[in-house]
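Working notes, beginning with the structure itself.
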Amino acid sequence: MASDRDQSAPRYRFATRELLIMAGLAGLSGVASTAVNALGDAIQAILGFAGTTQWAAGLHVTLLLLAPVLVGKPGAATITGILKGAVELLSGNTHGMLVLLADIAAGLLIDLTLLAFQRRDHWLPMVVAGAIAAASNVFVFQLFASAPEDVLRYVWAIAGLAAASGATLGGLLAYALLKALRRAGLSIPSAERRRLTWPQGVVLAVATIALVGGGFALAEAYTGEATVEVTGACAEPYAYSPELGLPVVNLQLEMQGMKRDVAGTPLREIVAHAAPDPGVNAVIATATDGYAFFVTMDEIATNDELLLAHHGDGKDIGYDIVGAESPKAWVRNVIELRLQAQAAIELTGKLDQASPFRPADWLGNMDSARVDAGDGPTKYQGVPVRAVISAAGPQAQVTTLRAIGRDGDTTQWVLEEVMADDAIRIWIVNDSEGTRYAVGSADQEIIATDVVELVVE
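Positions 35 to 491 (this note's numbering) are the ones given, in order, by the sequence shown.
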């Protein structure tokens with residue numbers, strides 16, 4: 035009965051089977067994109083030129099191209115793109131909202147491109163749609179991600195590489211998969227072009243307006259201020275801009291195997307100009323999207339390549355932290371530098387080598403995820419509690435871990451469970467009041483939000 039109802043669904047509505055197909059393709063594509071990104075970064079590091087990750091751009095749209103053919107209705111690629119973007123966003127993609135915007139753009143362009151062809155299941159429309167969809171991500175990211183000027187010079191070449199990948203690894207691969215599905219006996223809807231019904235036209239029009247409007251809104255959100263506020267534990271807080279006349283240097287820096295030509299003011303000069311208090315041991319850099327990370331005063335004093343780089347000019351100027359020892363501290367679109375005395379978590383109890391937890395000692399163990407530590411979902415860096423406890427040398431027969439909050443509240447875990455789960459982490463929460471520490475799982479609600487002591491018993 036359910037199958038009959040699906041088959042008789044109006045052609046401007048999606049049947050249950052069609053919704054399941056789109057959800058399945060979106061889930062597979064979203065998960066696969068994470069692996070594709072890692073592979074692309076590895077190749078880029080070997081080649082040493084920004085943009086070479088686009089050789090794999092077609093793989094991001096392969097399954098999006100199958101959606102309108104397997105479903106047989108306009109709008110299928112757009113809906114699949116929305117779902118795919120949601121999967122990537124919720125799984126902690128480092129690009130945040132940008133990845134959702136890029137996936138919606140790709141799906142919408144596939145739907146609009148296929149409307150121009152008589153048949154959707156021919157290799158030519160799939161190749162053309164794949165090329166356009168894959169190339170679109172270049173312009174979405176270059177528009178909102180404040181790419182360095184030396185990279186922007188090659189944007190059309192990078193887009194061409196993405197289009198070639200979209201045509202081959204996207205369009206031709208999707209066509210080969212479609213032929214394999216047919217040989218396997220899968221029922222494929224008629225591939226003849228269907229007249230666009232008014233509800234479908236409304237959906238595509240709304241998606242287009244939402245994409246354009248969302249793009250402008252996101253661009254506004256990602257645009258930083260003309261100055262960077264230098265605040266916190268200092269005698270002379272101020273608003274930094276190049277017009278202040280602090281020294282500006284030009285360097286060629288390397289990150290992930292790629293050379294970058296940058297110009298900016300050494301962070302050492304910016305901090306010194308604010309006259310930091312004696313107890314300051316870290317500077318927190320906060321970006322327009324809320325991401326924040328720290329640089330220690332020791333590194334600021336010794337790292338000659340650590341800059342607040344400038345890009346653009348006038349109202350379009352932006353600032354990035356570059357040259358830091360940890361890639362996590364290369365914060366883009368900086369709006370605030372906050373000087374502070376970064377506290378530690380005391381480790382006590384039955385431990386042979388107990389020492390306070392300080393984030394600077396654990397940079398290599400940190401990983402990011404979007405978690406809610408009390409101020410809504412935000413991307414934070416976290417260190418597995420298991421690694422911290424193991425380094426402290428827990429004694430035999432210990433069974434319990436207690437987290438003590440600043441207000442005296444206590445949260446308790448079975449130590450064996452904590453030691454078996456790397457998802458339980460100490461999260462470094464940098465907010466307007468300074469640095470605090472939360473403990474909890476990456477995929478569950480944070481349990482302890484302002485931890486000052488961990489006790490092993």
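Backbone N, C-alpha and C define an ideal beta-carbon position, used for all residues, glycine too.
Taking a contact to require three or more Cβ pairs closer than 8 angstroms, the region 416-429 and the region 449-457 qualify as touching. Rounded to the nearest angstrom, the Cβ distance from L280 to E303 is 5 angstroms, consistent with a contact under 8 angstroms. Counting only the Cα atoms, M56 lies some 30 angstroms from A457.
In this structure, the beta-carbon distance from M400 to V417 falls below 8 angstroms.
DSSP lists no beta-bridge partner residue for F48. Within the DSSP bridge table, the entry for H345 names G352 as partners.
Only residues of its own chain outside the window of five on either side were considered, and among them L340, A358, E359 have a CB closer than 8 angstroms to the CB of E333, listed in chain order. Contact between the region 374-390 and the region 268-279 is absent: fewer than three C-beta pairs spanning the two stretches fall below 8 angstroms. In this structure, the CA atom of R366 is about 4 angstroms from the CA atom of D354.
With respect to L97, S63 sits close: the two C-beta atoms are nearer than 8 angstroms.
Sequence-distant Cβ neighbours of A273 in its own chain, meaning closer than 6 angstroms and more than five residues away, are T261, E263. Rounded to the nearest whole angstrom, the C-alpha separation of Q376 and A316 is 6 angstroms.
When secondary structure is reduced to three states using DSSP, L287 falls in the strand class.
DSSP places S67 in the helix class (H, G or I) of the three-state scheme.
Straight through space, the alpha carbons of R404 and A214 are spaced by roughly 38 angstroms. The secondary-structure analysis by DSSP pairs I480 across a beta bridge with G474. Counting along the chain, the unbroken beta strand (DSSP E) around K413 starts and ends at 411-418.
Counting only residues of its own chain and dropping the five nearest sequence neighbours on each side, Q286 has a CB closer than 8 angstroms to the CB of K293, R294, D295, V296. For F328, the CB contacts under 8 angstroms within the same chain, skipping 5 residues up- and downstream, are A316, V317, I318, A319, A363, Q376, P393, A394, I462, N464, T469 in chain order. S424 sits in a helix when the DSSP states are folded into three classes. For Y272, the enclosing beta strand (DSSP E) has its first and last residue at 272-274. For the region 436-463, the continuous beta strand (DSSP E) assignments of 3+ residues that do not extend past its boundaries occur at 444-448, in sequence order.
Around the CB of H156, fewer than 16 other CB atoms lie within 10 Å, so the residue is classed as exposed.
Distance from A196 to A218 at the Cβ level is roughly 31 angstroms; contact not present, criterion being Cβ atoms closer than 8 angstroms.
Taking a C-beta distance under 8 angstroms as the contact criterion, L93 and V65 do not qualify as a contact pair. With fewer than 16 other Cβ atoms inside 10 Å of its own Cβ, I243 counts as exposed.
Between the alpha carbons of L143 and K118 lies a distance of about 15 angstroms.
A direct Cα-Cα distance of roughly 15 angstroms separates A91 from L135.
Only buried fits E122, as 16 or more other CB atoms lie within 10 angstroms of its CB. Looking at the DSSP output, E303 sits in no beta bridge, so it has no partner there. When secondary structure is reduced to three states using DSSP, S360 falls in the coil class, being assigned neither helix nor strand.
When the alpha-carbon of H345 is set against those of V356, V486, L146, the nearest one is in V356. Considering only D443, K107, V489, the residue with the shortest C-alpha distance to V432 is V489.
Excluding its 5 nearest sequence neighbours in each direction, G324 has C-beta neighbours in its own chain below 6 angstroms: T412, listed in chain order.
Annotated three-state conformation of R217 is helix, per DSSP.
Around the beta carbon of A193, a 10 Å sphere encloses 16 or more other beta carbons of the protein chains shown; the residue is thus reported as buried.
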